[in-house]
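Chains as they are written, first to last, in the numbering used here: chain A, 993 to 1209; chain B, 216 to 296.
Just so you know, even glycine gets a beta-carbon here, dropped at the ideal spot from N, CA and C.
A short worksheet on the structure shown next.
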């Protein structure tokens, strides 16, 4: 009886060993890469969400209330062009003659230049702000930080930013249909907020904008 | 004055903070400003114009930062996408 019981226990122990060892090895192998990579690596949706919330607060603190509402409601930010001769490459005879033009800023998308009066799309300016220190394994800023970086550079040194960008015809990265739809939404958004139709700013006096210019970024 | 830097996965971080009218603080702000530019960052100061518009001033030297600015924002240099 004792012999049979001992034999049974030995068999159970052997079977348990066979079952447990692979499971333990698998757990160890799953832990090892994370430990090697360090705590800063890997995509963490919670961390990215908190980063975006922080970025949105910073953006909101920099732009006008109206621009913030535009971005919040539409997901794009408009910045009026200020160069007396238009944006240079990618402009038209009209912009070179002083016609108002503007840009749409998309998060992690190109700048889209266009004529507000007609809705005509002019060009795409493809520009990125990669942080090569990659603190969490990615060089990509939060969406709203990317928008703010474009806004800072565009309002602070429009020509310098445009010179850095790769200029393409509209439609290279963003579907022109989508952009036109966004412009239509923006037009409606403007109309809902103001009884007067939006008029582009004058660029006649060294980029000075009249008080009537709406939503200047 | 605060020196802020945009950071992937985090949002902005405060690099330095101090009273620009206090010599030690100013020296620390200048040192961090120079360090960030040496790292290849761009620096901008958000400002409000008298007519209520908002815009930025790109600054390449600490002397270009308005004395009454409450923050300087550093962000990665632009590259063609």
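Within the stretch 262-273 of chain B, contact with chain A at the beta-carbon level (separation under 8 Å) is assigned to 266, 267, 268, 269, 270, 271, 272, 273. The beta carbon of residue 1174 of chain A does not come within 8 Å of any beta carbon belonging to chain B, so the residue lies off that interface. The secondary-structure analysis by DSSP pairs residue 286 of chain B across a beta bridge with B:217.
The count of Cβ pairs closer than 8 Å, one atom from the stretch 1162-1172 of chain A and one from the stretch 1112-1119 of chain A, reaches three, so the stretches are in contact. Taking a contact to require three or more Cβ pairs closer than 8 Å, the stretch 1100-1115 of chain A and the stretch 1078-1091 of chain A qualify as touching. With the criterion set as a beta carbon lying under 9 Å from some beta carbon of chain B, the members of the stretch 1110-1130 of chain A are 1117, 1118, 1119, 1120, 1121, 1122, 1123, 1124, 1125, 1126, 1127, 1128, 1129, 1130, in sequence order. Taking 8 Å as the cut-off, the beta carbon of residue 1066 of chain A is found closer than this to the beta carbon of residue 1174 of chain A. Beta-bridge annotation (DSSP): residue 1180 of chain A is not paired with any residue. Judged by beta-carbon spacing, residue 1130 of chain A lies within the 8 Å limit of residue 223 of chain B, meaning their Cβ atoms are closer than that value. Going by beta carbons, residue 217 of chain B and residue 286 of chain B fall inside the 8 Å limit. Under the 8 Å Cβ criterion, the stretch 258-278 of chain B counts as touching the stretch 1049-1056 of chain A, having at least three qualifying pairs.
Distance check between residue 1106 of chain A and each of A:1042, A:1162, A:1124 places A:1162 closest, using alpha-carbon atoms only.
For residue 284 of chain B, no CB of chain A lies under 8 Å from its own CB, so it is not counted at the interface with that chain. Contact with chain A is found for residue 221 of chain B, since one of that chain's Cβ atoms lies less than 8 Å from the residue's Cβ. Along the stretch 222-249 of chain B, the positions whose C-beta sits under 7 Å from a C-beta of chain A are 222, 223, 224, 225, 226, 227, read in chain order. In this structure the stretch 1031-1048 of chain A lies against the stretch 224-234 of chain B, because at least three pairs of beta carbons, one per stretch, are closer than 8 Å.
Restricting attention to beta strand (DSSP E) runs no shorter than 3 residues, the stretch 1053-1132 of chain A encloses them at 1069-1072, 1094-1097, 1103-1106, 1113-1120, ordered along the chain.
Secondary structure of residue 244 of chain B (DSSP, three-state): helix.
Taking the Cα positions, residue 1142 of chain A is about 12 Å away from residue 288 of chain B. With a cutoff of 8 Å on beta-carbon distance, residue 1076 of chain A and residue 295 of chain B are scored as not near each other. When the beta-carbon positions are compared, residue 256 of chain B and residue 290 of chain B come within less than 8 Å of each other. Here residue 284 of chain B is not near residue 1145 of chain A, since their CB atoms are 8 Å or more apart.
Chain A has no Cβ within less than 8 Å of the Cβ of residue 289 of chain B. Taking residue 1071 of chain A as the centre and dropping the five residues before and after it, the same chain places the C-beta of 1094, 1095, 1097, 1143, 1146, 1147, 1209 closer than 7 Å to its C-beta, in chain order. Per DSSP, reduced to three states, the secondary structure at residue 271 of chain B is strand. In the structure shown, the three-state DSSP call for residue 281 of chain B is coil. Residue 1121 of chain A and residue 1154 of chain A have their alpha carbons spaced roughly 13 Å apart. Between residue 247 of chain B and residue 231 of chain B, the C-beta gap is smaller than 8 Å, which places the two residues in contact.
The CB of residue 1150 of chain A never comes closer than 9 Å to any CB in chain B; the least such distance is about 10 Å. Against chain A, the beta carbon of residue 294 of chain B has neighbours under 8 Å at 1119, 1120, 1121, 1122, 1156, listed in chain order.
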